[in-house]
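Participant: Pasting a structure below so you can have a look.
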Amino acid sequence: MRKPAILTGIILTAVILSGLPTSREAPIGTEAVPQTVVDDFGRPFPLPARTPERIVSMAPNITEILFALGLGDRVVGVTRFCDYPPATGAIRRIGGLVDPSLEVVRSLDPDLVVAFRGNPRRLVERMGKLGLPVFVCDTGEGLEALFPLIERIGRITRTEGRAAGLAADLRRRLDAVDAALKDIPARPKVFVLLHGQGLWTCGGESYADDLIARAGGTNVASFLPKKWALYKRERIIEDDPDVVFILARSPGDFAAGRDWLLRSAGMGGVAAVTSGRIHDLDENAASRFGPRLVDVLDHVARLLHPERFGGKG
Amino acid sequence: MSRRSGRHLFWIVCAGLCVAGFLASVLVGPVKTTPGDLWRFIQQPDRVQDAIFIDLRLARAVLAFLVGAALALSGAILQGYFRNPMADPFVVGVSSAASLGAVVASAVGFEVAAFGFSGPGLLAFLSGLGIVSLVYALSVRRGGFKVETLLLTGIAAGALASALTSFLLFMRSDSYDQAVFWLLGSFQLAEWGQAASIAPWIVLCLLASLWLARDMDLLALGDETARSLGSPVGRVRKAFLAMSALLAALSVAVSGIIGFVGLVVPHWVRILIGPGHRSLFAASALAGGTFLVYCDLIARNILSAELPIGVITAAVGAPFFLYLLHKKR
């Protein structure tokens, strides 16, 4: 019978064809470059000889750092979430963090694309195959990770001097908070609520956890080995936090979150509720791993330890 | 209109729509391009336009076409196989199992790549084929198996796989974007490598199904009748089941789960050109591919954000399906 032989032939052809290399990778680094740096996905990246002219930012915190380094006029593409500083409003939108339009990015013809860990790896790799010069930055787990992040972005944009200046400024303000909180007698228990789909909070691996510790508090959800986690209502009652922070986009959002918390059964006896220490935390600044976290730190420290900052926070 | 000329009309219209769909896919996108741009590009290629027209838009349309063809062919095979119009790649559990494999791979950081598939893609494919073998093995009894048993086993296994997928995704809240992809489907990251890795298999399955189409026609008369007419029923059934699983797993591996195509396209085709399996298989592949090219065109252009393509396949497919169904009655 002939049919099995034909079938075997077709299968073999299919196997061979499917293994053929077919990617159309564009050449990267057409001019001689002196050095290569490695990004946080471990991908080699040729260090540009001078400051890139056309930069695409793939995340709001990256956009903020680029602007803080004085590169705002060179940023040609941002995500739809990039709204700080306000000057970002005039820049072409590439889409979201996980669904940017590759053709929009490609059409902007950038000489640098700065991505971060929140962008899916598959996406970053697809962009690399399109010949886009993508550099990926990690966010890190604590406030201190801001410094290497700024240093690395300064390095690849060849604005090392300005990055050092920005870092020194942030360091000075961090030190001021540290100095004000020196030898505090007690660390208030803090619960952070991400109001929205249920009782989300920040676990021990989040930079918010580190921020609270740095501001002289203790995150009650610190024991959770996660960045963000769903918390249990009865656990809050047991934890009895002294202060609650609600991450909110607007005053209305904050009020809704606070009311939701107050309405929840059993919350009446919680220390933060009886003392009224439920505070708004600007989601826009606090949820982005950028320079404004130091402002947030200062704000939280003043609310937790008003006595250390000359009375009222 | 006679059946034969109706069939010719179907092929001409479908091929015309297909070509128009590809042309529109290449011309329409978030970056404004005109037919003039395309014409100038063909005469004088340019780096950025090459990326947009060829690497992004055309690759995406080609992959959508291949996946649509695979899903529709898989559905057409399964509907014949089960002699049941409710059958599609989801029923035997392949799609759910494939997405489970993908989510497991991204959860444990399985990064091996082979044959143009990423790690999750590869595991999607393997677990899809794995579950259909398991379902098949569980349903076999002495002296053959019952279609109903296989159908129910497939539904149960698929539900189990879906539950495990949801559990894993719940445990890993930071892999949300991956979850959306594997559960709802997308061609956002389509590339030529993926198209080239699945195309030979799809062509192979299409040829084999055309070759075995006569046997499928006989199966429609019942296994006993088919056997008495000289068809090797056992082997034919195994071959069709393996092909339909392979087609569905290939699709899930490159584009996530896309529903509705496998169920609805073979129905359209059957209503329009009749139940003969040879033309049904070929026409389903062409119509399914064309349908998905248009769905993807809508998914990536209707909003500034990308819509999961499964939303479009159902929203566009269901009304048209209902219309055809009622026109027929």
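If you're matching them up, the sequences are chains E and F in order. The working numbering numbers the first residue of the first sequence as -15 and each following residue consecutively. The working numbering numbers the first residue of the second sequence as 4 and each following residue consecutively. Each residue gets a CB set at the ideal place from its N, CA and C atoms; glycine is no exception. Every value quoted in this text rests on a predicted model; they were computed, and no experiment measured them.
1) Roughly how many angstroms lie between the CA atoms of Val204(E) and Val65(F), to the nearest whole one?
2) Measure the C-alpha to C-alpha separation of Asp223(E) and Phe238(E) and round it to an integer number of angstroms.
3) Count the C-beta pairs between the region 280 to 290 of chain F and the region 11 to 21 of chain F that are closer than 8 Å, then say yes if the count reaches three, no if not.
4) If you measure between the beta carbons of Gly54(E) and Thr123(E), is that distance less than 8 Å?
5) So which residues on chain E does Val51(F) lean against when the C-beta distance must stay under 8 Å?
6) For Ala255(E), I'd like the list of residues in its chain whose CB is within less than 6 Å of its CB, leaving aside the five on either flank, ordered along the chain.
7) From the DSSP output, in three-state form, read off Leu295(F) for me.
8) Drop a sphere of 10 angstroms on the beta-carbon of Ser41(E), count the other beta-carbons inside from all chains shown, and report buried for 16 or more, exposed for fewer.
9) Give the interface partners of Ser231(F) over in chain E, defined as CB-CB distance under 8 Å, in chain order.
10) Rounded C-beta distance between Ala229(F) and Leu221(F)? I'm assuming under 8 Å.
11) In three-state terms, what does DSSP make of Ser169(F)?
12) How would you label Ile260(F), buried or exposed, when you count the other beta carbons within 10 angstroms and need 16 or more for buried?
13) Determine whether the Cβ of Ile315(F) lies closer than 8 Å to any Cβ atom of chain E.
14) Using a C-beta cutoff of 8 Å, does Ala136(F) count as contacting chain E?
15) Using only CA atoms, which one of Asp57(E), Leu86(E), Asp67(E) lies nearest to Ser271(E)?
16) Taking DSSP as the reference, what is the three-state secondary structure of Gly320(F)?
17) Inspect the CB distances between the region 184 to 200 of chain E and the region 144 to 152 of chain E and report whether three or more fall short of 8 Å.
18) Report, in whole angstroms, the separation of the C-beta atoms of Leu231(E) and Val176(E), which I expect to be a contact under 8 Å.
19) Please list, in chain order, the residues of the region 111 to 125 of chain E that have any C-beta partner in chain F closer than 8 Å.
20) Assess, as a yes-or-no matter, whether the region 90 to 108 of chain F is touched by the region 293 to 306 of chain F under the definition of 3 or more beta carbon pairs within less than 8 Å.
21) Whether or not the region 67 to 83 of chain F and the region 236 to 255 of chain F are in contact is what I'm after, with contact meaning three or more pairs of Cβ atoms, one per stretch, closer than 8 Å; do they touch?
22) From what residue to what residue does the alpha helix (DSSP H) around His263(E) run?
23) In chain F, what lies closer than 9 Å to Ser271(E) by C-beta?
24) Just to make sure I have the definition right: I need the residues of chain F whose C-beta is within less than 7 Å of the C-beta of Asp83(E). Which are they?
25) Output the distance between the C-alpha atoms of Gly56(E) and Gln19(E), rounded to the nearest integer angstrom.
26) Taking Cβ positions only, does Leu107(E) come closer than 8 Å to chain F?
27) Are the C-beta of Asp91(F) and some C-beta of chain E separated by less than 8 Å?
28) For Arg60(F), which residues in chain E fall below 9 Å Cβ to Cβ?
29) Rank His179(E), Glu218(E), Cys121(E), Cys186(E) by C-alpha distance to the C-alpha of Lys210(E) and give the top, closest one.
30) Among Leu137(F), Gly188(F), Asp226(F), which residue has its Cα nearest to the Cα of Ser378(F)?
31) Which residues, in order along the region 60 to 80 of chain E, keep a beta-carbon less than 8 Å from a beta-carbon of chain F?
32) Quick check for students: name the residue ranges of the alpha helix (DSSP H) that lie wholly in the region 169 to 230 of chain E, counting only runs of 4 or more.
33) Gly294(E) by DSSP, collapsed to three states: which one?
34) Mind reading off the beta-carbon distance from Leu246(E) to Val257(E)? Whole number of angstroms is fine, and I expect it under 8 Å.
Facilitator: So, from the listed chains and residues:
1) 52 Å
2) 22 Å
3) yes
4) no
5) Arg90, Ser91, Asp93
6) Asp224, Asp226
7) helix
8) buried
9) Chain E residues near Ser231(F): none, gap ~21 Å exceeds 8 Å.
10) 4 Å
11) helix
12) buried
13) no
14) The sequence shown places Ser at residue 136(F), rather than the Ala named in the question. Ser136(F) does not count as touching chain E.
15) Asp67(E)
16) helix
17) no
18) 7 Å
19) Lys113, Leu114, Gly115
20) no
21) yes
22) Segment 262 to 266 is the beta strand (DSSP E) holding His263(E); no alpha helix (DSSP H) there.
23) The contacting residues do not exist; Ser271(E) stays about 14 Å from chain F at best.
24) Gln191, Ala308, Glu309
25) 25 Å
26) yes
27) no
28) Glu87
29) Cys186(E)
30) Nothing about residue 378(F) can be read from this structure; chain F reaches only from 4 to 332.
31) Arg64, Arg77, Gly79, Gly80
32) 191 to 198, 217 to 223
33) coil
34) 7 Å
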